[in-house]
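Asks: Encoded as structure tokens, here's the structure I'll be asking about.
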Amino acid sequence: MMENSIHLLEQVSLFPSAIRWSWAFNGWILVIGSLAAVASALLGNFLVLRKMSMLGDAITHAVLPGIAVAFLISQSRTSPLMFLGAVIVGVLTALFTEWIRGAGGVDEGASMGVVFTSLFALGLVILVQAADAVDLDPNCVLYGSIELTPLDTVAIGDWDVPRAALMLAGVTLLNALFVGLFFKELRLTSFDPALATTMGISAKSMHYVLMVLVSITAVACFESVGSILVVAMFVVPAAAAYMLTDRLGVMILISVILAVASAVLGHLMALTVPTWFGYRSTTTSGMIAVAAGGLFLFAAALGPRHGVLVKWARRQILSLQILCDDIVAFLFRGEEAERPHPTTEHLASELFASRWSMKLAQIILRWGGELGGGSEALELTEAGRERGRRLVRSHRLWEQYLVDQAGRDTEQIHDKAERFEHFTDRSLRDELARETDGPELDPHGSPIPDEN
Amino acid sequence: MVERPQKEYQPMDSSPSLSSVLPSAARDDGTGNEVPLSIYDLTVAYHRKPVIWDVGFDLPAGQLIGIVGPNGAGKSTLLKAAMDLIPSASGRVRVFGDSYRANRHRVGYVPQRESVDWQFPVSALDVVAMGLYDEIGWCRPVRRRHRDRARLALQHVGIGELADRQISQLSGGQQQRTFLARALVQDADLYLMDEPFAAVDAATERAIVDILRDLKKRGKTAAVIHHDLQTVPEYFDYVVLLNMRVVAHGPVETTFTSENLQKTYGGRLTLLDEVTEAMRRRESSL
Chain A
3 MMENSIHLLE
13 QVSLFPSAIR
23 WSWAFNGWIL
33 VIGSLAAVAS
43 ALLGNFLVLR
53 KMSMLGDAIT
63 HAVLPGIAVA
73 FLISQSRTSP
83 LMFLGAVIVG
93 VLTALFTEWI
103 RGAGGVDEGA
113 SMGVVFTSLF
123 ALGLVILVQA
133 ADAVDLDPNC
143 VLYGSIELTP
153 LDTVAIGDWD
163 VPRAALMLAG
173 VTLLNALFVG
183 LFFKELRLTS
193 FDPALATTMG
203 ISAKSMHYVL
213 MVLVSITAVA
223 CFESVGSILV
233 VAMFVVPAAA
243 AYMLTDRLGV
253 MILISVILAV
263 ASAVLGHLMA
273 LTVPTWFGYR
283 STTTSGMIAV
293 AAGGLFLFAA
303 ALGPRHGVLV
313 KWARRQILSL
323 QILCDDIVAF
333 LFRGEEAERP
343 HPTTEHLASE
353 LFASRWSMKL
363 AQIILRWGGE
373 LGGGSEALEL
383 TEAGRERGRR
393 LVRSHRLWEQ
403 YLVDQAGRDT
413 EQIHDKAERF
423 EHFTDRSLRD
433 ELARETDGPE
443 LDPHGSPIPD
453 EN
Chain B
526 MVERPQKEYQ
536 PMDSSPSLSS
546 VLPSAARDDG
556 TGNEVPLSIY
566 DLTVAYHRKP
576 VIWDVGFDLP
586 AGQLIGIVGP
596 NGAGKSTLLK
606 AAMDLIPSAS
616 GRVRVFGDSY
626 RANRHRVGYV
636 PQRESVDWQF
646 PVSALDVVAM
656 GLYDEIGWCR
666 PVRRRHRDRA
676 RLALQHVGIG
686 ELADRQISQL
696 SGGQQQRTFL
706 ARALVQDADL
716 YLMDEPFAAV
726 DAATERAIVD
736 ILRDLKKRGK
746 TAAVIHHDLQ
756 TVPEYFDYVV
766 LLNMRVVAHG
776 PVETTFTSEN
786 LQKTYGGRLT
796 LLDEVTEAMR
806 RRESSL
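Chain order of the listed sequences is A and B. Position one of the first sequence corresponds to residue 3 (my numbering), numbered consecutively onward. Position one of the second sequence corresponds to residue 526 (my numbering), numbered consecutively onward.
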């Protein structure tokens, strides 16, 4: 079987520059990659939310000796013994980590570092020693060989289904059932383990069930994507989904979509990207991790809650709004003092605004019908005058309030009022007027305009 | 509301005679009320260093109880040990005359606000509904009627309009109210609250006091860890003074004395004068 598959693979790579797509072959890679990514991402949500991503990493590495020993005993890569071995070592990793942290007073990161590197190294030693005797390639275990998995098939009726696809479908179903059935319990034990435990939902038990499933998933995935990269599948789609929503159910859904997207993108990128540079196609499992990282970057930039770009855009819009306010209020005060209509340059230098933002603000104001006159003599329209009146009223009421109620000096109040005026609506102005007994003049002696 | 069957008191097989022998095993306080929380000889240690030592008291039913003591006195540890959250080295806890496990439905817990991650992707309503998970049962979904009850509880604590906000978008006081609402939907008989007044605004503090008084009116018992000594006489009927051991426990009038506070806080207390002043104010208002 193995010889056969290697033979086939050589045939595939005989034509390095041409991308050969066959649904029977590449289609299965997409299915297997997607299943591995979804199975991992489902659990990954809870690893991320429990701040246990590194424990997931530790377990996926540490299961190696379990797999190796099970393999030596059974001499087969399909044995359920492998899952058993992995689960035992996976749970031991979680237990040891907890124990070293508790007993040794070592912080969690360090205790994990001790446990999983020791176990991982032990697994490697066993594997390398056993490699001559048995048919298990350490490279495959570490980096995965998703390109080979479609060739190892099991016949179901008339269908030849890859063994990896069957196994991963089973694990995906298991994880989906777990997350679906225990959604409520997972949510509570992740958010508030103490309360969960007082209600008879043992946070500790949930923790270890999760660790068992992480171990099983790691074994199911390692053949396809390798034990080093599987952690990317656990953590990255879930972390990206976390950036995009603030509801747990939605987060899980998004993480599944991102998992499938990274698997599909990863395989396509593995086939195409290297050929742009004149190389042969590269490893799909590596590209899946790269694609997931790329999707995460998108989420980090565009996420509504934590997104960098969105935050930046929001800040820009706010500062533009404030500049519009300032222009209108400046013109209103100018009319009040019967100063001549200012030019654009004069206004820009008065308000410390750049030429570009000044231009943009003027476009917005003219479009809103609040600004008239040419750039040599800017003037307010009736609507603009109304907005100016509201702003100046807010400003002067705030000054009065700060002096009256907060006991501030007259010198200190201008800056505060300057900031508050942009965020003061009608009801707040009425409140201010009530609190300050509806004064006619502000502390500097300027008249407070009436509400229209 | 769901009627829960009242659990008959049954001594555990392993220690059938213990409860009749030990003085603090009393199931009622002589007035026919069950003792909500009875603690006897409780010792809890971290790494062989005791945090609380030989702690024992019976809490009176239907009262508001303040648990007071300096930082590191073991107040949180006491509450957690009472609910089996952390193992105790020795001692025994009775909740309404039985083990905590048997009567956990009758206990509502309000953890410290800092104990959870407020960035967690849930709404205020989701958090309050968590109080019903025990009642809903394993593997069953939260249904509309549960959400309706959670919404009602949020309205009761005065933040009904914030039900659908993600919890990081709530102020500290609103977060604390969310936690209280979560305990209220449990409809427990005994509430254990870990510093509900910590770092909340004045409006929230008043709201919490109102909620506590409302609980008392409905015959519930609340044991509250509290830091502000000045307000102890105003808020509570009964006080447990704790500093690793129980220094004193009893009605506020007789127990919350400067002498006992001196013993609890050692020489570190500078607020003593203010407290005695607060005491005098309360006495004169009675």
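Glycine included, C-beta positions come from ideal geometry on N, C-alpha and C. These figures come from a predicted structure and were not determined experimentally.
1) Which of the three DSSP states is assigned to residue 22 of chain A in this structure?
2) By how many angstroms is the C-alpha of residue 206 of chain A removed from the C-alpha of residue 582 of chain B?
3) Can you find a CB in chain A that lies within less than 8 Å of the CB of residue 640 of chain B?
4) Run through DSSP, which three-state label would residue 321 of chain A get?
5) Taking just the CA atoms, how far does residue 590 of chain B sit from residue 757 of chain B?
6) Can you tell me whether residue 121 of chain A is buried or exposed? The criterion is at least 16 other CB atoms within 10 Å of its CB, across all chains shown.
7) Under 8 Å, Cβ to Cβ, is there at least one residue of chain B near residue 247 of chain A?
8) How about residue 655 of chain B: is its C-beta nearer than 8 Å to some C-beta of chain A?
9) Do we get a CB-CB distance below 8 Å when we pair residue 716 of chain B with the residues of chain A?
10) Between B/785, B/778, B/753, B/779, which lies nearest to residue 766 of chain B when the distance is taken from Cα to Cα?
11) On the three-state DSSP scale, how would you describe residue 436 of chain A?
12) So, using beta-carbon positions, are residue 224 of chain A and residue 127 of chain A closer together than 8 Å?
13) Any chance the segment 668-688 of chain B sits against the segment 271-280 of chain A, with 3 or more Cβ pairs inside 8 Å?
14) Give me, in chain order, the residues of the same chain whose beta-carbon lies closer than 7 Å to that of residue 86 of chain A; leave out the 5 immediate sequence neighbours on both sides.
15) Residues of chain B with CB closer than 9 Å to the CB of residue 100 of chain A, please, in chain order.
16) Using DSSP with H/G/I as helix, E/B as strand and the rest coil, what is residue 659 of chain B?
17) Give the DSSP-derived three-state secondary structure of residue 696 of chain B in the structure shown.
18) Locate the beta strand (DSSP E) running through residue 592 of chain B, then write down its first and last residues.
19) Within this structure, are the beta carbons of residue 593 of chain B and residue 751 of chain B separated by less than 8 Å?
20) Starting from residue 773 of chain B, trace the beta strand (DSSP E) both ways and give me its first and last residue.
21) Kindly indicate if chain A contains any beta-carbon less than 8 Å away from that of residue 743 of chain B.
22) What is the C-beta distance between residue 181 of chain A and residue 44 of chain A, in whole angstroms, given that I count them as a contact (C-beta under 8 Å)?
23) Anyone know if the C-beta pair for residue 217 of chain A and residue 65 of chain A falls short of 8 Å?
24) How long is the line joining the alpha carbons of residue 214 of chain A and residue 53 of chain A, rounded to whole angstroms?
25) So, are the CB atoms of residue 708 of chain B and residue 638 of chain B less than 8 Å apart?
26) Could you give the distance in angstroms between the alpha-carbon of residue 688 of chain B and the alpha-carbon of residue 185 of chain A?
27) Given a limit of 7 Å on CB to CB distance, which residues of the segment 671-699 of chain B reach chain A?
28) So with CB distances below 9 Å, who are the chain A contacts of residue 631 of chain B?
29) Of all the beta strand (DSSP E) runs that stay within the bounds of the segment 129-217 of chain A, which reach a length of 3 or more residues?
30) So is residue 645 of chain B in contact with chain A if we call contact Cβ pairs under 8 Å?
31) Find out if the Cβ-Cβ distance for the pair residue 228 of chain A, residue 287 of chain A is shorter than 8 Å.
32) Would you check if there are 3 or more beta carbon pairs closer than 8 Å linking the segment 318-325 of chain A to the segment 293-309 of chain A?
33) Alpha carbons only, please: which of A/177, A/312, A/195 is nearest the one belonging to residue 258 of chain A?
34) Which residues in chain A sit within 7 Å of residue 636 of chain B, going by Cβ to Cβ distance?
35) Any idea which residues DSSP pairs residue 615 of chain B with across the strands?
36) Excluding the five sequence neighbours on either side, which residues of its own chain have a C-beta within less than 7 Å of the C-beta of residue 661 of chain B, listed in chain order?
Replies: Based on what the coordinates show:
1) If DSSP states are grouped into helix, strand and coil, residue 22 of chain A belongs with coil.
2) In a straight line, the C-alpha of residue 582 of chain B is about 30 Å away from that of residue 206 of chain A.
3) It does; some Cβ of chain A falls within 8 Å.
4) Here residue 321 of chain A sits in helix by DSSP.
5) Take the alpha-carbon of residue 757 of chain B and the one of residue 590 of chain B: they are about 9 Å apart.
6) By the 10 Å Cβ count, residue 121 of chain A comes out buried.
7) Closer than 8 Å: yes.
8) At least one chain A Cβ lies under 8 Å of residue 655 of chain B.
9) Judged by the 8 Å Cβ criterion, residue 716 of chain B is not in contact with chain A.
10) Nearest option by C-alpha distance: B/785.
11) Here residue 436 of chain A sits in helix by DSSP.
12) Residue 127 of chain A is positioned such that its CB atom lies no closer than 8 Å to that of residue 224 of chain A.
13) Verdict: no, contact absent.
14) For residue 86 of chain A, same chain residues with a beta-carbon under 7 Å away, outside a window of 5 residues either side, are 72 in chain order.
15) What residue 100 of chain A touches in chain B: nothing, since even the nearest Cβ is about 15 Å away.
16) Assignment of residue 659 of chain B by DSSP, reduced to helix, strand and coil, places it in the helix class.
17) Of the three classes helix, strand and coil, the one that applies to residue 696 of chain B here is coil, per DSSP.
18) Counting along the chain, residue 592 of chain B sits inside the beta strand (DSSP E) bounded by residues 589-593.
19) Cβ atoms of residue 593 of chain B and residue 751 of chain B: closer than 8 Å.
20) Run containing residue 773 of chain B: 770-776, per the beta strand (DSSP E) assignment.
21) With 8 Å as the cut-off, residue 743 of chain B does not count as an interface residue toward chain A.
22) That belief holds up - the Cβ atoms of residue 181 of chain A and residue 44 of chain A are roughly 5 Å apart, short of 8 Å.
23) Result yes, Cβ atoms of residue 217 of chain A and residue 65 of chain A sit closer than 8 Å.
24) Answer to the nearest angstrom: the Cα atoms are 17 Å apart.
25) Result no, Cβ atoms of residue 708 of chain B and residue 638 of chain B do not sit closer than 8 Å.
26) Looking at the two C-alpha atoms, the distance is approximately 20 Å.
27) Against chain A - using a Cβ distance shorter than 7 Å - the residues of the segment 671-699 of chain B are 691.
28) For residue 631 of chain B, none of the residues of chain A pass the 9 Å Cβ criterion, the least Cβ distance being about 12 Å.
29) The segment 129-217 of chain A contains these whole beta strand (DSSP E) runs: 155-158, 161-164.
30) Residue contact check for residue 645 of chain B against chain A: a CB pair falls below 8 Å.
31) If you check the CB distance, residue 228 of chain A and residue 287 of chain A come in under 8 Å.
32) Here the segment 318-325 of chain A makes no contact with the segment 293-309 of chain A; the two share fewer than three CB pairs at distances below 8 Å.
33) Nearest option by C-alpha distance: A/177.
34) Residues of chain A passing the Cβ test: 194, 196, 197.
35) Paired residues: B/568.
36) Closer than 7 Å at the Cβ level, and outside the excluded window around residue 661 of chain B, lie 667, 671.
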